[in-house]
Amino acid sequence: MHDFKFKKNALFCEDVRIEKLVERFGTPLYVYSYHTLIDHFLKLKKAFEPIKPLICYSVKANSNLAILKSLVNKGSGLDIVSGGELFRALKAGCPSGRIVYASVGKTAKEIEEAIRLGILFFNVESLPELNSIQHIAKRLKKRVNVALRINPDVEPKTHKYITTGKLTNKFGIDLFSAKKIILYARGFSHVNVSGLHIHIGSQITTSEAFVAAIKKITVFIAQLKKESVKLDYLNIGGGLGIVYDKETPQTAQRFADIVLPLLKSTGLKIIMEPGRFIVGNAGILVTKVLYVKNTPKKKFIIVDAGMNDLIRPSLYGAYHNILALDKRVGLEKADVVGPICESGDFFAKDRMLPQVGEGEYLAIMSAGAYGFSMSSNYNSRRRAEEVLVSKGRVSVIRRRESYQDLVRNEVIP
Ligand code: LLP
């Protein structure tokens with residue numbers, strides 16, 4: 001599942017001891033395993049080999065250029081949601097024909113940039129957005145491909161903040177309206193609705209909701225065929241869950257076995273947008289214990305990483321396994337909390353945790369996706385350093401920010 005393993009009781013990333021990394025680079029430190037990253041990409045690629053989909057890694061999960069470049073080099077495309085992510089995609093050398101662009105709120109400037117660069121297509125989320133793309137494309141004298149994002153109204157059984165395919169969510173277009181829009185858009189001079197897109201949520205661990213959504217979309221495609229609507233692409237989004245705790249998510253192969261017959265029946269070129277599945281278990285956040293504080297009610301392990309470094313526990317109540325760097329350390333009940341001035345600044349609550357003391361380290365596991373990419377400078381904390389390990393080789397892929405970085409764009413009038 002990943003390349004963070006104990007060897008003779010010491011935690012390693014591939015061939016490198018984590019302790020060596022923290023001694024060299026300090027903490028908080030994000031450590032990524034190149035081989036885990038690529039292995040997950042290839043697992044998906046292999047499972048879906050019969051239909052050769054374009055896998056567009058979802059940049060938002062972890063947008064570090066080195067991560068993007070590693071995947072692009074293996075043939076991955078990229079799923080982006082902003083001008084900033086487009087900038088990163090190009091910096092990472094992604095061919096524009098392998099970029100798909102989602103988001104409910106693309107600005108005119110962002111749309112124009114993406115059209116000029118000739119991305120594969122936009123995933124369009126509303127009629128006003130479609131009109132806007134037609135208008136801009138006409139001005140630029142370019143014909144643009146789009147996929148309509150359909151909201152299939154299915155329940156993915158995940159956290160409500162990362163559920164996106166219910167009609168109460170802001171994403172996509174309901175099937176009834178989508179049909180009307182597609183027929184109406186036939187009259188557009190510069191926009192070609194050449195595909196459909198679904199993305200029903202994230203960290204989905206069972207296949208039912210995916211299957212339900214894909215079934216709905218295949219029925220819809222058949223209906224459109226009757227109206228002589230010709231499509232080229234079906235984008236099935238991302239959302240595949242990973243193991244954080246005791247989940248037993250579908251493997252790539254199991255997922256493929258279930259959905260391949262449905263996808264094949266469409267005859268369309270399939271696009272996928274996985275983020276977490278590829279990078280989630282390829283990264284950890286290593287943090288140093290600053291103090292251990294006992295109160296009448298609890299034991300707090302106070303560490304030097306905070307919710308600004310990894311917000312998932314605070315925001316979603318997400319579980320991340322927490323390990324000591326030495327396997328032999330015993331366990332006792334405690335909270336792991338950061339230094340930030342918020343009670344929501346925690347990584348674990350009332351959990352059996354390694355009995356670590358001041359100056360020792362903890363590894364917060366499965367932090368590769370939506371870890372660094374959601375980090376901030378709250379409390380004027382410099383964002384963490386990131387390193388990528390490949391076998392015995394260690395590369396810094398983002399330097400720790402400096403105090404100067406914190407105020408770089410500020411002006412005292
Ligand atoms: N495609 C679209 C249109 C998306 O909105 C997303 C994620 C993905 C693909 C990739 O989904 P994945 O395969 O990674 O599940 N911050 C949250 C997750 C937010 C997901 C947002 N959209 C978390 O930490 O759990």
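The letter at position 197 of the sequence shown is residue 197 when you use our numbering, and the numbering goes up by one with no holes.
Here a beta-carbon is modelled for each residue, glycine too, at the ideal position from N, C-alpha and C.
Rounding to the nearest angstrom, what Cα-Cα distance links residue i and residue j in this structure?
i	j	result
S33	A213	33 Å
F4	L325	11 Å
R398	T218	43 Å
G83	T295	48 Å
E49	G97	20 Å
K160	P413	43 Å
A318	G371	12 Å
L406	G338	20 Å
I311	V229	44 Å
P156	Y244	17 Å
T206	E247	10 Å
H199	L362	34 Å
A334	F347	11 Å
A102	L37	23 Å
G368	V387	11 Å
E208	V154	10 Å
N377	G306	10 Å
State the CB to CB distance for the pair residue i and residue j, rounded to an integer number of angstroms; the pair is presumed to be in contact (CB under 8 Å).
i	j	result
S395	A92	That belief does not hold up - the Cβ atoms of S395 and A92 are roughly 15 Å apart, past 8 Å.
I182	L224	7 Å
L323	L11	6 Å
V59	R24	Not a contact, Cβ separation roughly 28 Å.
Give the DSSP bridge partners of residue i, in chain order.
i	result
N145	N192
C13	F4, V16
T414	What is shown of the chain runs 1 to 413, which leaves residue 414 out entirely.
E332	L353
E385	L29
C56	G77
N235	H197, I271
R398	E386
I173	I150
Exposed or buried, what is residue i when buried is set at 16 or more other beta-carbons lying within 10 Å of its beta-carbon?
i	result
L71	buried
S314	buried
Y233	buried
S78	It should be noted that the sequence gives Leu, not Ser, for residue 78. Buried: at least 16 other Cβ atoms inside 10 Å.
V411	exposed
N62	buried
T168	exposed
A114	buried
T158	buried
L240	buried
Just to be sure I understand the criterion: a residue counts if its Cβ is closer than 5 Å to at least one heavy atom of the ligand LLP. Which residues meet that? Spelled out in chain order, the answer is S58, A61, A102, I162, H199, S202, G237, G238, G239, E273, P274, G275, R276, R312, Y370.
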